[in-house]
Structures are given as structure tokens and as C-alpha cells.
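Engineer: Dropping a structure here in C-alpha cells format, bear with me for questions.
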Amino acid sequence: MIVSITPEIGIDEIPIYAGGLGVLEGDKFVEASKLGLEYTVLTLFYRRGYIYYKPDPQRGYVPEERDFTYLLDKLRKEDPVEVTFDNTRIMATPYVYEKNRARIIYFYVNEPKDVAEKIDRLYIEDDFSVAELKYSVLAKLSFEYMDKRIGFSNIDVVDMQESFASLISIMIPHSVRRRLIIHTPGPWGHPKFSHETLAREFGYIDGETILTKISGKRSEKIFTVSEKHYRITRATFPEFEGKLDYVTNGVSLDRWMSPRIRELVSKGSVDKEEFWRIHIENKKDLLNLLRSYKRDIDGDINKPIIAWARRLTRYKRPYFMIRLIEDTSHSNEAIFVLGGKTHPKDLEGVGYMKIFKELHEEYRNVVYLHDYDVEKAKIILSGADLLLFTPFPGWEASGTSFMKAGVNGIPTLASKDGAAIEIIRDGFNGWFFGSDIDYPIDLYSSSASEIDQRDYKDLFNRYQEIISLYYNNLDQYINIMINALETFPREVDMSRVIKEYYSEFIRSRT
318 MIVSITPEIG
328 IDEIPIYAGG
338 LGVLEGDKFV
348 EASKLGLEYT
358 VLTLFYRRGY
368 IYYKPDPQRG
378 YVPEERDFTY
388 LLDKLRKEDP
398 VEVTFDNTRI
408 MATPYVYEKN
418 RARIIYFYVN
428 EPKDVAEKID
438 RLYIEDDFSV
448 AELKYSVLAK
458 LSFEYMDKRI
468 GFSNIDVVDM
478 QESFASLISI
488 MIPHSVRRRL
498 IIHTPGPWGH
508 PKFSHETLAR
518 EFGYIDGETI
528 LTKISGKRSE
538 KIFTVSEKHY
548 RITRATFPEF
558 EGKLDYVTNG
568 VSLDRWMSPR
578 IRELVSKGSV
588 DKEEFWRIHI
598 ENKKDLLNLL
608 RSYKRDIDGD
618 INKPIIAWAR
628 RLTRYKRPYF
638 MIRLIEDTSH
648 SNEAIFVLGG
658 KTHPKDLEGV
668 GYMKIFKELH
678 EEYRNVVYLH
688 DYDVEKAKII
698 LSGADLLLFT
708 PFPGWEASGT
718 SFMKAGVNGI
728 PTLASKDGAA
738 IEIIRDGFNG
748 WFFGSDIDYP
758 IDLYSSSASE
768 IDQRDYKDLF
778 NRYQEIISLY
788 YNNLDQYINI
798 MINALETFPR
808 EVDMSRVIKE
818 YYSEFIRSRT
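Here the sequence shown is numbered in this note's numbering, starting from 318 and rising by one per residue.
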């Protein structure tokens, strides 16, 4: 059996996730179940989910409370599991979602009430001591479940998704194979826990407190999620060079390729006229979605729809979209779709949400979806004409939005970061702009500002070239779309990812 421990997983039936990691793990689960793998995911059930916003006339957007306990009715309940933290007895009920031989075990913390309340939000904590509580409890519940319900002798490998899920590496027997998968080059992916918590809860008294180093030392292998991310991580943690490897992320084609496109691809070679007819149908679906947010939208089907949708935080460079919309407002040549939200403690991100709202209100050709989620992403990434992927180079581990667009024949104008540099071929199935930097730069430094200025200028020029191509040589633009459709699926298919991670376990079943 393969066991994956993760802070979050987002599947369509249980849509509790914060962003990229959760959706990625959901895609892995879908594909593992399809391949018939004995695959078990261990995670927490967050009763109140992540963060959700509603519009507010004075403040732009304010948090909105949600309760996801109704989703437990879709799951199979098991007997409670008991652990302790800080000498406090904690009870959790495992709820199971099953698909073929794959399972997700959601630990729903029942008592004590004060602990349950601290654990009921994903990535939302009053202070870091709550994060220490949350992920210590996840590790201990996972250990108990593996020990008492699965049996360590039945486990082939334990994969730890991000350092927050890696405390289990201190607990499980040395005979159990374990691997760390790092999903971000950012410092938030390499947290420090206090000496006191590590000693009290896990008997860990070594000097190191960075979770990545603690778990990396105990892992037989450390994976990153793109070739560039591998190079950056190797420079950040040179002591792990012998253990480091990479498996470039992918997406579930079943989940992300639109039904119309899937039917077209199933016929074999892609007919150009048929593709364009299908794309227009997908585009109409997107325009209908946009009208539900803005009744007076400029809905000209002949105008290109430009999409930028992701978490609103500085390294994603949402300010590029603000500037691009304002710089092109006089031409009214495209429709812009903005989507995404921010962590409530990211005050800069909250500010971007407010500016996106103002752009939505000011321009008829701009629509902002503050409640962007998987279901809306499926419509946007199959119905847009161009996706913009703008992370600051060196800060994006992989990125998958451009993959989801590409498998629907939607090309991307991308910065040279993450997995984009492995899959996009400039001028053939997408385009690039900007610098290629393979080390993290302080995003608030003068160097970053200079890079931003150069990169935006290049983005603007490439964007103008692409828009000109769309209007003046649509036939060639469609060729690039078809090139994306013919190249992306085989490159980014999640079945390739699963086979690279678990080839030996798949072979053992055949």
C-alpha cells in the first residue's frame, strides 16, 4: 500500500482545499484510483474549510463563514482514534472516501472542543503555536491509524506532502520507507517548530528545528515538482543533493479536459474546424459564467478572452494584470477574466482583491471572480483564448493552471518559471516573456523591482504581438491552439506522474 500524508486534498465531491497543493493531491487520487493502486491519503477534515469572502461596499471583501460538516454524510464513519497533545487527550473520528482501491481518510477532531475549533480551518491560525498543534495532531493521528488500522508491515512507502505533513518521519519505524515531496521554493514551505514542542511531543532533542531538514534527513528520497524547482532546492539544501530528484507535476485529464475536447481528441487527429467550433461552445459557456457576475459585460464572442486566475499574493505578480488592464483600457480589444483570493493575513493580497474589484466595476471588459474555485476554473481554463502565467522567476515550484489550459487547447503567455519551461515551446504551443532566474530573490528588493520593470515591458510587448496575431491571422493562432492540444496531454497527464512516483508498485501488480 502507498500512503500519502497531506495538509489538504481537494476532490470534486469534498471540495475542501486552499489551492494548488490540494487540487494537485486530488488529481493524484483520481489517477491512482483509476490505475487500481492501493493508495491511502491521510489528512484532516477542516469543518470551516479555508477562507471565503463576500463583497462588502465599504471594505471590498470580508470573510464569510462556512460549515462543511454536511459533507460527512458522503463518507463512511469509522471508530474514533485517540492521541494526546500537551498532555491533553484528543479524540478524532476517521471518515473514509473510497474509489476503487484508493481511499482518503479524513480525521475529524471531535474533542476537546477548544482543540477542535483550532483545527477546523485550513492554513488559518491565530499564531504559529496553533500550526504546531494542528500538524502535530495530523502526524499523531496518522501514526495511530497506520499502526492500528493498516499495519506498518502492509505499507510499501509513506509519502509526505510538504514539510508540514512530515513530522510523521520522526515517529514511524526505520523499516518503513518514507519520502518527502517539496511543493514550494518559498520559505513558508520550510517552517521551524519550537524545540519545546518537538521535544515534548516527539522526543526529538536534536538541534535542528526546520521541518524540511528534520524529515529530509529521515527520508530515503526527496522529490521536487519540476526540473527548475529541483535546481533551486539543490542550492537551498545542498546537504540533500544525493537524495534529491524531481517528478514534474501534471493534471488529471479526466478532471480538467472539457467533455467536448475529450470527445474530439478521442477521434484521433484533431480537425481544425471542429476544434474551433468546440472552442466557441466552451467560450460561450465562459461568457455565460461571466454574465452571472456582471450583467453588462462586453460579451463580444469575437474578442479574445484573457484569463489570469490564481492565489493573490506578491510572487504571482497580480500587479502585472492591474497594469496591463490599465495600459490597454483605451483599445477595448480583449475581455479580461480575473480570479482568485488571498490568505486573510496577507494584507497586500487583500489590497489586490480590492483593486481587482475596482477594475471589475470600472471596465466593462473586466470581470473578477472573487470566489474562484475548481468548478469555475474548469470553465475558465477551457473557454478562454489566452492564459497569463506570471510568477516571479524562481518562486513558482511548478504551476498547473497552464497545464489545465493547454489540455483544452488554450495557449499560455508565461514567465520562465516552474514547469512551464519544460512544456511550453515559444511560438509553437504558447509563448514566454521575461527573465529566467533560478534562485529566489527578495521580492521587495531593488533587484526585484528592476526585474519586474524589464519583465512587464516584455510581457506587454509579447501580449501586443499575440493580440495582433489573433486579430490579423486567426488561422495561425488556431494552429498554436491545436499544437497545445496535441502536445500538452501527453506531457502533463497525471498518469505519467503517478507512474514516475510509483512505477515499482504498479509493476508489482501486473
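Note that CB positions come from ideal geometry on N, CA and C, so glycine has one too. Please read these numbers as outputs of a predicted model, since none were measured by experiment.
Distance, Cα to Cα, Ala349 vs Tyr794?
Structural biologist: Taking the straight line joining both Cα atoms gives about 36 angstroms.
Engineer: If you count every other CB in all the chains shown that lies within 10 Å of the CB of Trp573, and 16 or more means buried, which is it?
Structural biologist: buried
Engineer: Going by the DSSP bridge assignment, what does Gly719 pair with across the sheet?
Structural biologist: The question names Gly, yet the displayed sequence has Phe at residue 719. Phe719 is not bridged to any residue.
Engineer: Kindly indicate which three-state DSSP category Thr401 falls into: helix, strand or coil?
Structural biologist: strand
Engineer: Relative to the C-alpha of Ile485, which residue among His512, Tyr521 and Glu739 is closest?
Structural biologist: Tyr521
Engineer: How would you label Lys391, buried or exposed, when you count the other beta carbons within 10 angstroms and need 16 or more for buried?
Structural biologist: exposed
Engineer: In the DSSP assignment, find the unbroken beta strand (DSSP E) run with Ile333 in it and report its ends.
Structural biologist: No beta strand (DSSP E) holds Ile333; DSSP gives it neither H nor E.
Engineer: Considering Ile422, what are the terminal residues of the beta strand (DSSP E) in which it resides?
Structural biologist: Ala419 to Glu428
Engineer: Closest to Lys662 by CA distance: which of Ile672, Ser453, Ile368 and Asp384 is it?
Structural biologist: Ile368
Engineer: Pick from Asp476, Tyr378 and Pro490: whose alpha carbon is nearest that of Thr323?
Structural biologist: Residue Asp476 is the option with its Cα nearest to Thr323.
Engineer: In the structure shown, what three-state DSSP assignment does Gly726 receive?
Structural biologist: coil
Engineer: Kindly indicate the opening and closing residues of the beta strand (DSSP E) around Ser321.
Structural biologist: Ile319 to Ile322
Engineer: In terms of residue numbering, what span does the beta strand (DSSP E) encompassing Ala296 cover?
Structural biologist: Because the chain in this structure spans residues 318 to 827, residue 296 falls outside the shown range and cannot be described.
Engineer: Given that a residue counts as buried once 16 or more other Cβ atoms are within 10 Å of its Cβ, and exposed if not, what is Gln478?
Structural biologist: Per the 10 Å Cβ criterion, buried.
Engineer: Smallest Cα separation from Ala456: which of Ile489, Ser470, Arg779 and Glu442?
Structural biologist: Ala456 has its Cα closest to that of Ile489, out of Ile489, Ser470, Arg779 and Glu442.
Engineer: Between the alpha carbons of Ile421 and Phe557, how many angstroms are there, rounded?
Structural biologist: 30 angstroms
Engineer: Tell me whether the beta-carbon of Trp712 lies closer than 8 angstroms to the beta-carbon of Gly506.
Structural biologist: no
Engineer: What are the uninterrupted segments assigned as alpha helix (DSSP H) that are 4 or more residues long and contained completely in the region 682-715, given in chain order?
Structural biologist: 691-700
Engineer: Confirm, please, whether the CB-CB distance from Ile697 to Phe653 is below 8 angstroms.
Structural biologist: no
Engineer: Mark Arg771 as exposed unless 16 or more other C-beta atoms lie within 10 angstroms of its C-beta, in which case mark it buried.
Structural biologist: exposed
Engineer: From Val426 to Phe362, what distance separates their C-alpha atoms?
Structural biologist: Rounded to the nearest angstrom, the two C-alpha atoms are 8 angstroms apart.
Engineer: Going along the chain, which residues of its own chain have a beta-carbon closer than 7 angstroms to the beta-carbon of Leu581, five neighbours each way excluded?
Structural biologist: Val587, Glu591, Phe592 and Ile595
Engineer: In the DSSP assignment, what residue or residues form a beta bridge with Gln478?
Structural biologist: Ile498
Engineer: Please report the distance separating the alpha-carbon of Met318 from that of Arg418.
Structural biologist: When only Cα atoms are considered, Met318 and Arg418 end up about 10 angstroms apart.
Engineer: Please check the pair Leu359 and Tyr462, which I expect to be a contact at CB under 8 angstroms, by giving their CB distance rounded to whole angstroms.
Structural biologist: About 6 angstroms; that satisfies the 8 angstroms criterion.
Engineer: Whole angstroms is fine: what's the gap from Lys674's alpha carbon to Tyr440's?
Structural biologist: The alpha-carbon separation between Lys674 and Tyr440 amounts to approximately 24 angstroms.
Engineer: Give the single residue among Phe402, Arg364 and Arg376 whose Cα lies nearest to the Cα of Asp384.
Structural biologist: Arg364
Engineer: Output the residue ranges of the beta strand (DSSP E) runs that lie fully inside the region 349-405 and measure 3 residues or longer, sorted by chain position.
Structural biologist: Counting only runs of 3+ residues, the beta strand (DSSP E) found wholly inside the region 349-405 occupies 356-361, 370-373, 377-380 and 398-402, in chain order.
Engineer: Compute the distance between the beta-carbons of Asn566 and Leu802, then report whether it is under 8 angstroms.
Structural biologist: no
Engineer: Can you name the start and end residues of the alpha helix (DSSP H) that Lys538 belongs to?
Structural biologist: Segment Lys538 to Thr541 is the beta strand (DSSP E) holding Lys538; no alpha helix (DSSP H) there.
Engineer: Where do the ends of the beta strand (DSSP E) carrying Gly656 lie?
Structural biologist: Ile652 to Gly656
Engineer: What is the C-beta distance between Phe805 and Leu776, in whole angstroms, given that I count them as a contact (C-beta under 8 angstroms)?
Structural biologist: At roughly 22 angstroms, the Cβ-Cβ gap does not stay under 8 angstroms, so Phe805 and Leu776 are not in contact.
Engineer: Quick check on DSSP: helix, strand or coil for Pro411?
Structural biologist: Of the three classes helix, strand and coil, the one that applies to Pro411 here is strand, per DSSP.
Engineer: Expressed to the nearest angstrom, what Euclidean distance is found between the alpha-carbon atoms of Asn404 and Pro508?
Structural biologist: 24 angstroms
Engineer: With DSSP as the reference, label Phe750 as helix, strand or coil.
Structural biologist: strand
Engineer: Taking only the alpha-carbon atoms, compute the straight-line gap between Ser459 and Lys816 and give it to the nearest angstrom.
Structural biologist: Looking at the two C-alpha atoms, the distance is approximately 25 angstroms.
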